[in-house]
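Worksheet: one structure, shown below.
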Ligand code: AP5
Ligand code: MG
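Residue numbers (this note's numbering): 32 to 222.
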């Protein structure tokens with residue numbers, strides 16, 4: 032299996048690049064943000080609990096997202112591999128993911144981290160906010176909070192994957208095609 036963590040701050044291009052990668056490598060895309068938004072839309076109990084936190088740009092509890100990922104892994108038993116987008120986001124999530132994959136006799140191949148500066152992230156998200164309807168794109172202070180959550184709780188995972196020899200930094204500024212080419216170059220080194 033080819034399991035990749037596509038990492039990066041809010042607006043780094045994780046979703047955009049995941050769409051291209053899954054087509055090229057026939058992988059399954061698991062975005063905890065997308066799954067949570069569909070729960071909100073369907074007004075499930077889980078969605079109602081998550082909505083307030085998401086709208087404020089805060090992380091939702093680890094147990095919720097770990098449970099969601101576990102269910103998706105079970106539901107896609109024949110997958111050639113997974114792109115994890117927006118997961119893991121905390122140390123607890125990273126170690127839970129390792130355990131879940133080990134139970135299935137597989138593991139993370141690599142973490143590809145899209146590097147984009149804060150000004151560019153803010154610009155992209157405010158621009159998308161004009162049309163996306165996402166409450167967490169709506170204003171600069173919520174976007175700042177998302178970036179803070181990333182810096183405090185998520186960015187340290189770079190060390191977690193560095194210790195495993197799996198961390199790779201990718202320039203996330205440029206055209207979508209240029210960034211996709213850099214990602215493919217890295218993925219193709221894995222055999
Ligand atoms: P999530 O949905 O994961 O959002 P995010 O990480 O904040 O980031 P985005 O999805 O907004 O950005 P992206 O990196 O996917 O970039 P995209 O391709 O869209 O999480 C949302 C919330 O859910 C969290 O705040 C939290 O509450 C909760 N949550 C989710 N997962 C969780 C977890 N594991 N634990 C706890 N809570 C969790 O691109 C952004 C924009 O830029 C787009 O408009 C795009 O068109 C544009 N763009 C893309 N590439 C380029 C480029 N090269 N140049 C110019 N523009 C570009
Ligand atoms: Mg996304």
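C-beta: ideal position from N, C-alpha, C; glycine also.
Quick one: what does DSSP say residue 58 is sitting in, helix, strand or coil?
For the purposes of this step, residue 58 is taken as the residue at position 27 of the chain shown. Looking at residue 58 - three-state DSSP - the assignment turns out to be coil, as it is neither helix nor strand.
Between which two residues does the alpha helix (DSSP H) holding residue 73 run?
Reading the chain shown from its first residue, position 42 is the one you call residue 73. Taken as a continuous stretch (DSSP letters only), residue 73 belongs to no alpha helix (DSSP H), as it is neither H nor E.
Restricting to Cα atoms, I'd like to know which of 169, 140, 175 and 48 is closest to residue 193.
By 1-based counting over the chain shown, the position of residue 193 is 162. If we check each option's Cα against that of residue 193, 140 comes out closest.
Which one of 99, 119, 65 and 154 has the shortest CA to CA distance from residue 34?
Taking the first residue of the chain shown as 1, we reach residue 34 at position 3. The residue with the shortest Cα to Cα distance from residue 34 is 119.
Report yes or no: do the stretch 145-161 and the stretch 60-75 share at least 3 C-beta pairs separated by less than 8 Å?
no
If I measure Cβ to Cβ from residue 136 and keep anything under 8 Å in the same chain, skipping five residues before and after, which residues do I get?
Sequence index remark: in the chain shown, residue 136 carries index 105 (1-based). None.
Any chance the stretch 81-93 sits against the stretch 152-167, with 3 or more Cβ pairs inside 8 Å?
yes
Other residues of its chain near residue 142: CB distance less than 6 Å, five sequence neighbours each side excluded:
In the chain shown, residue 142 corresponds to position 111, counting from 1. Excluding positions up to five away in sequence, the list reads 36, 38, 192, 197 and 198.
According to DSSP, is residue 188 helix, strand or coil?
In the chain shown, counting from the first residue as 1, residue 188 sits at position 157. Helix, per DSSP.
From residue 117 to residue 63, what distance separates their C-alpha atoms?
Translated into the one-based positions of the chain shown, residue 117 becomes position 86. Translated into the one-based positions of the chain shown, residue 63 becomes position 32. About 6 Å.
Does the beta carbon of residue 168 fall short of 8 Å from some heavy atom of ligand 1?
The residue labelled residue 168 in the question sits at position 137 within the chain shown. Indeed, a heavy atom of ligand 1 lies less than 8 Å from the Cβ.
Quick one, are the C-beta atoms of residue 92 and residue 182 less than 9 Å apart?
Locating residue 92 in the chain shown gives position 61, where the first residue counts as 1. Locating residue 182 in the chain shown gives position 151, where the first residue counts as 1. Contact: no.
Start-to-end residues for the beta strand (DSSP E) that takes in residue 198:
Along the chain shown, read from residue 1 onward, the residue named residue 198 stands at position 167. That run of the beta strand (DSSP E) goes 198-202.
Which residues bound the alpha helix (DSSP H) around residue 211?
In the chain shown, counting from the first residue as 1, residue 211 sits at position 180. It spans 207-218 - the alpha helix (DSSP H) in which residue 211 sits, taken as one unbroken run.
What does residue 141 pair with, by DSSP beta-bridge criteria?
Locating residue 141 in the chain shown gives position 110, where the first residue counts as 1. Residue 141 is bridged to 35.
Exposed or buried, residue 138, counting other C-beta atoms within 10 Å across all chains shown (16 or more means buried)?
Against the chain shown, residue 138 aligns to sequence position 107. Exposed is the call here.
How close, in whole Å, do the beta carbons of residue 203 and residue 43 come, if the pair is a contact with beta carbons under 8 Å?
Along the chain shown, read from residue 1 onward, the residue named residue 203 stands at position 172. Along the chain shown, read from residue 1 onward, the residue named residue 43 stands at position 12. With 8 Å as the limit, residue 203 and residue 43 qualify as a contact, their Cβ atoms being about 5 Å apart.
Give the single residue among 66, 59 and 101 whose Cα lies nearest to the Cα of residue 109.
The residue given as residue 109 occupies position 78 in the chain shown. Among 66, 59 and 101, the Cα nearest to that of residue 109 is on 59.
Alpha carbon of residue 55 to alpha carbon of residue 209, nearest angstrom
As a first step, residue 55 must be located in the chain shown, where it is residue number 24. As a first step, residue 209 must be located in the chain shown, where it is residue number 178. Rounded to the nearest angstrom, the two C-alpha atoms are 15 Å apart.
Given this structure, state the Cα-to-Cα distance separating residue 52 from residue 221, to the nearest angstrom.
Reading the chain shown from its first residue, position 21 is the one you call residue 52. Reading the chain shown from its first residue, position 190 is the one you call residue 221. Computed Cα separation, rounded: 14 Å.
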